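Colleague: Chains as they are written, first to last, in the numbering used here: chain W, 871 to 1124; chain D, 697 to 857.
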Amino acid sequence: MNPVSDPILFETLLRLGDDSLILGQRLGEWCGHAPSVEVDLSLANMGLDLIGQATHFLNAAGAAEGGGRDGDALAFRRDVLDFRNCWLVEQPNGDFAQTMARQLLFSTWQEMLFGHLEGSTDETVAAIAAKAVKEVRYHAELSAEWVVRLGDGTEESRRRMQAGLEWHWRFVPELFEMDAIAAEAASRGIGADVSAFRADYDARIRAVLAEATLEPPRDQRPILGGRRGHHGEHLGHILAVMQYLPRTYPDATW
Amino acid sequence: MVKLGLGFARQGVSTSLDTNGIWQVLETVADPEIPVVSVVDLGIVREVRPDRVIITPTYTGCPATQVVERDIRDALDAAGFRDVAIETTLSPPWTTEWISDAGKAKLQAYGIAPPSSAPTAACPQCGSTSTEEVSRFGSTPCKAQWRCRDCLEPFDRFKCH
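Laid out in structure tokens, this is it:
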């Protein structure tokens, strides 16, 4: 294969696109299974927004790679080790509380990230971020409302929300990891320096948890490596479902 | 070329016979999700030049985007504008402020509360403002589900975006 024409831009776009793709697929698993039809619609619509983001980011990644792959090829014909999403988005849905805990932790981060990326020196990244940030703001609001409602709810809903937070807490530090690729992307102005908004993020999450009368979980040993292709057992199972059809019937159309 | 708002583009840039003809065709292309409004009413069409139509998606993941593009293609082809290309742009991002007043009136008549910054929506059935949000997301990403406390009818409200 020819060398990638802009490897830093390519990796940056893959990370952004894979986060959105995998979480979009995860939320899609709720379709027809949510506690009520309104919640079902909310989850499916958030999934749709995320898959829309993924389409734009991964098409741009294909262009930056310069090897003729488009977003579909990147989504459906890569294997687990080539995915660059963070661990948080591949976590299983669990119950509704666990799903909403994950959504709060992710969407709050993504909203802040896209706010920074609106000023990206890469025109495509800036355009996608400016468009998507309006949608993600809604995701962050919706999940915060549910975290408060369940946390400050019944004994059972509170127990489940606390457990959902405990499950996901160890995947938060990865969102703020600045490795060599992220640092170069930030220095070129393509990517964001995520470490710069860690304190603001923590404050926002703590404010939601306080309103929900929940205790912030104890910090745990962080799980890292998703950006280098090191994933948990769950990602392979997502890909098996997501990629089955396009791999079984390559280039099928309808 | 400078990107102009729709109203300006129609008066300022697109004055040739060709672009007027293209605009007329576009006004007949209905939104696939809300067929009472056209793609022009919704503000999806950003600019028309003699050789191209520039459109923008409403929501990033709106599944109607591809259908809109195909419907515009079919309508242009049928009207003899086969050489007119369709381009998609993401920037500046679409906003509900681009929905025309005519489009808002059509939404209202169709039973969808048009976007407004008011804290509550007026019920499109009975006009009452004693209404409440049922769900942030309705039948499509661009709408929320509301309910009227007076006539008890549920309705969609176009979200400010």
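Ideal placement from N, C-alpha and C gives every residue a C-beta, glycine not left out. In this text the structure is predicted, and so the values were computed from the model without any measurement.
Thinking V764(D) and I740(D) are a contact (beta carbons under 8 Å), I'd like their distance in whole angstroms, please.
Modeller: Contact flag correct, Cβ pair sits at about 6 Å.
Colleague: Does DSSP classify E723(D) as helix, strand or coil?
Modeller: Correct three-state label for E723(D): coil.
Colleague: A997(W) CB to nearest chain D CB: under 8 Å?
Modeller: Answer yes: the Cβ-Cβ gap between A997(W) and chain D drops below 8 Å somewhere.
Colleague: Just to confirm my understanding: we take A971(W), look at its own chain, exclude 5 residues before and 5 after, and list those with CB closer than 6 Å. What are they?
Modeller: Excluding positions up to five away in sequence, the list reads G1034, L1035 and H1038.
Colleague: For the stretch 910-928 of chain W against the stretch 893-902 of chain W, are there 3 or more C-beta pairs whose distance is under 8 Å?
Modeller: The answer is yes - the stretch 893-902 of chain W touches the stretch 910-928 of chain W, with three or more Cβ pairs under 8 Å.
Colleague: Report the neighbours of E755(D) on chain W: residues whose CB is nearer than 7 Å to its CB, in chain order.
Modeller: In the sequence as presented, Glu is not what sits at residue 755(D); that position holds Tyr. Ordered by position in chain W, the residues that pass the 7 Å Cβ test against Y755(D) are D919, G922 and E1005.
Colleague: Classify V1111(W) as buried or exposed, calling it buried when 16 or more other Cβ atoms lie within 10 Å of its own Cβ.
Modeller: Counting Cβ neighbours within 10 Å, V1111(W) comes out exposed, since fewer than 16 surround it.
Colleague: Under 8 Å between C-beta atoms, does R769(D) make it to chain W?
Modeller: With 8 Å as the cut-off, R769(D) does not count as an interface residue toward chain W.
Colleague: Along the stretch 893-914 of chain W, what residues have a CB closer than 9 Å to any CB found in chain D?
Modeller: Of all residues in the stretch 893-914 of chain W, G894, S906, V907, E908, V909, L911, S912, L913 and A914 have a Cβ within less than 9 Å of some Cβ in chain D.
Colleague: Measuring CA to CA, which of E829(D), V736(D) and P837(D) is closest to P850(D)?
Modeller: The shortest Cα separation from P850(D) among E829(D), V736(D) and P837(D) belongs to E829(D).
Colleague: Would you tell me roughly how many angstroms separate the C-alpha atoms of H926(W) and T785(D), rounded to the nearest one?
Modeller: The alpha-carbon atoms of H926(W) and T785(D) are separated by roughly 11 Å.
Colleague: Ordered along the chain, which non-local residues of its own chain (more than five positions away) have a Cβ less than 8 Å from that of G932(W)?
Modeller: The residues are G938, R939, D940, G941, A943 and L944.
Colleague: Determine the direct distance from the alpha carbon of A1010(W) to that of P1087(W), and round the result to whole angstroms.
Modeller: Their backbone Cα atoms lie some 19 Å apart in a straight line.
Colleague: Could you tell me which of N963(W), Y1008(W) and R1076(W) sits nearest to H1104(W), measuring between CA atoms?
Modeller: Minimum Cα distance to H1104(W) is reached at N963(W).
Colleague: For C819(D) and C844(D), which I take to be in contact (beta-carbon distance under 8 Å), what is that distance rounded to the nearest angstrom?
Modeller: The pair is a contact, with the Cβ atoms about 4 Å apart (cut-off 8 Å).
Colleague: Does the beta-carbon distance from A904(W) to L913(W) come in below 8 Å?
Modeller: Against a cut-off of 8 Å, the Cβ pair of L913(W) and A904(W) comes out as a contact.
Colleague: Quick check: the Cα distance between D1063(W) and D1070(W), rounded to an integer number of angstroms?
Modeller: If I take the Cα positions, the gap works out to 13 Å.
Colleague: Determine the chain W residues that contact Q762(D) at a beta-carbon separation under 7 Å, and present them in chain order.
Modeller: None at all; the shortest Cβ gap to chain W is about 10 Å.
Colleague: In angstroms with no decimal places, state the Cα-to-Cα distance between D989(W) and A996(W).
Modeller: In the sequence on display, residue 989(W) carries Gly and not Asp. Rounded to the nearest angstrom, the two C-alpha atoms are 6 Å apart.
Colleague: Starting from A781(D) and walking both ways along the beta strand (DSSP E), at which residues does that stretch end?
Modeller: Start and end: A781 to T784.
Colleague: Which complete beta strand (DSSP E) runs does the stretch 937-982 of chain W hold, if anything under 3 residues is left out?
Modeller: Whole beta strand (DSSP E) segments, 3+ residues: zero.
Colleague: By the criterion of Cβ-Cβ separation under 8 Å, what are the contact partners of H926(W) in chain D?
Modeller: Within chain D, the residues near H926(W) are T756 and L786.
Colleague: Name, in chain order, the residues that DSSP records as bridge partners for W842(D).
Modeller: DSSP, once it has assigned bridges, lists E829(D) and F851(D) as partnering W842(D).
Colleague: Cα separation between C822(D) and K802(D)?
Modeller: C822(D) and K802(D): Cα-Cα distance of roughly 16 Å.
Colleague: If you run the structure through DSSP and keep just helix, strand and coil, what is R1088(W)?
Modeller: Note: R1088(W) maps to coil in three-state DSSP.
Colleague: Going by the CB atoms, is the gap between T715(D) and R742(D) shorter than 8 Å?
Modeller: No; because the gap between Cβ atoms is not below 8 Å, this pair is not in contact.
Colleague: By the three-class DSSP mapping on this structure, what secondary structure does E743(D) have?
Modeller: Three-state result, E743(D): strand.
Colleague: Just to confirm the assignment, what range does the alpha helix (DSSP H) spanning R766(D) have?
Modeller: Per DSSP, R766(D) belongs to the alpha helix (DSSP H) from A760 to A774.
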